[in-house]
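Numbering follows the working numbering, with no gaps: position 135 of the sequence shown is 144.
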Amino acid sequence: MRVTIYAVGKLKAGPERELSARYIDRFKKAGAARGLNFNRIVEITESRATDAATRKREEYEALEKQLPDDCVLLVLDEHGSTMSSRRFADTLAGWADIGRRDLAVAIGGADGHDDSLLDKADKVLSFGKLTWPHQIVRILLAEQLYRAATILTGHPYHRD
Numbered sequence: 010m011r012v013t014i015y016a017v018g019k020l021k022a023g024p025e026r027e028l029s030a031r032y033i034d035r036f037k038k039a040g041a042a043r044g045l046n047f048n049r050i051v052e053i054t055e056s057r058a059t060d061a062a063t064r065k066r067e068e069y070e071a072l073e074k075q076l077p078d079d080c081v082l083l084v085l086d087e088h089g090s091t092m093s094s095r096r097f098a099d100t101l102a103g104w105a106d107i108g109r110r111d112l113a114v115a116i117g118g119a120d121g122h123d124d125s126l127l128d129k130a131d132k133v134l135s136f137g138k139l140t141w142p143h144q145i146v147r148i149l150l151a152e153q154l155y156r157a158a159t160i161l162t163g164h165p166y167h168r169d
């Protein structure tokens with residue numbers, strides 16, 4: 010299954026980009042053994058609309074145009090459900106095992122996601138009740154993708 014990250018906003022050069030890239034590189038290596046292949050990161054330009062509803066709608070429209078047909082859509086949102094790293098790994102494996110070709114992981118902008126995207130999602134996931142900056146969410150996602158791959162391949166990185 011090809012894994013693509015769709016993120017509203019650009020990640021500037023610096024330690025956040027470097028750490029995210031480090032975990033993505035690790036995921037590329039570890040995930041391939043389990044059929045989880047990193048594809049790319051697509052950065053969606055943040056809307057400059059004056060109100061939040063319009064910004065979310067414009068960002069949704071830009072993101073939606075990029076999504077592959079019949080992809081599994083995993084949306085990161087503070088109002089989503091939480092899960093353990095092991096359950097996250099099992100969820101990814103389940104989608105891969107039923108032959109889904111593409112996994113799209115969507116990270117929203119400062120205002121979050123438009124309801125239209127949330128309604129389309131196969132899963133809405135939260136990294137907790139706290140609100141996280143976009144840069145840190147990218148790092149958390151990259152690390153959890155790597156962790157999931159190590160769980161699925163029996164690598165000792167993850168400890169229960």
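In this text, a Cβ means the ideal position worked out from N, Cα and C, and glycines have one as well.
- When rounded, the separation of the alpha-carbon atoms in Ser56 and Lys65 is 8 Å.
- Residue pairing from DSSP places Ser90 in a beta bridge opposite Leu134.
- Here the C-alpha atom of Ile14 lies approximately 8 Å from the C-alpha atom of Leu112.
- In this structure, Leu72 and Val17 form a Cβ contact; the two beta carbons are roughly 7 Å apart against a cut-off of 8 Å.
- The Cβ atoms of Leu161 and Ser90 lie no closer than 8 Å to each other.
- Judged by their CB atoms, Val12 and Leu85 are not nearer to each other than the 8 Å cut-off.
- Taking 8 Å as the cut-off, the beta carbon of Glu52 is found no closer than this to the beta carbon of Lys21.
- Under the three-state reduction of DSSP output, Tyr166 falls in the coil class, being neither helix nor strand.
- In the displayed model, Ala16 falls within a strand according to three-state DSSP.
- Here the segment 74-81 makes contact with the segment 100-114; the two share three or more CB pairs at distances below 8 Å.
- Excluding the 5 residues flanking it on each side, Ala151 has same chain C-beta neighbours closer than 7 Å at Ser29, Tyr32, Ile33, Phe36, in chain order.
- In the DSSP assignment, Ile33 falls within the unbroken alpha helix (DSSP H) covering 24-41.
- Take the alpha-carbon of His167 and the one of Arg156: they are about 6 Å apart.
- Annotation for Asp128: no beta strand (DSSP E) segment contains it, though the alpha helix (DSSP H) segment containing it runs 124-129.
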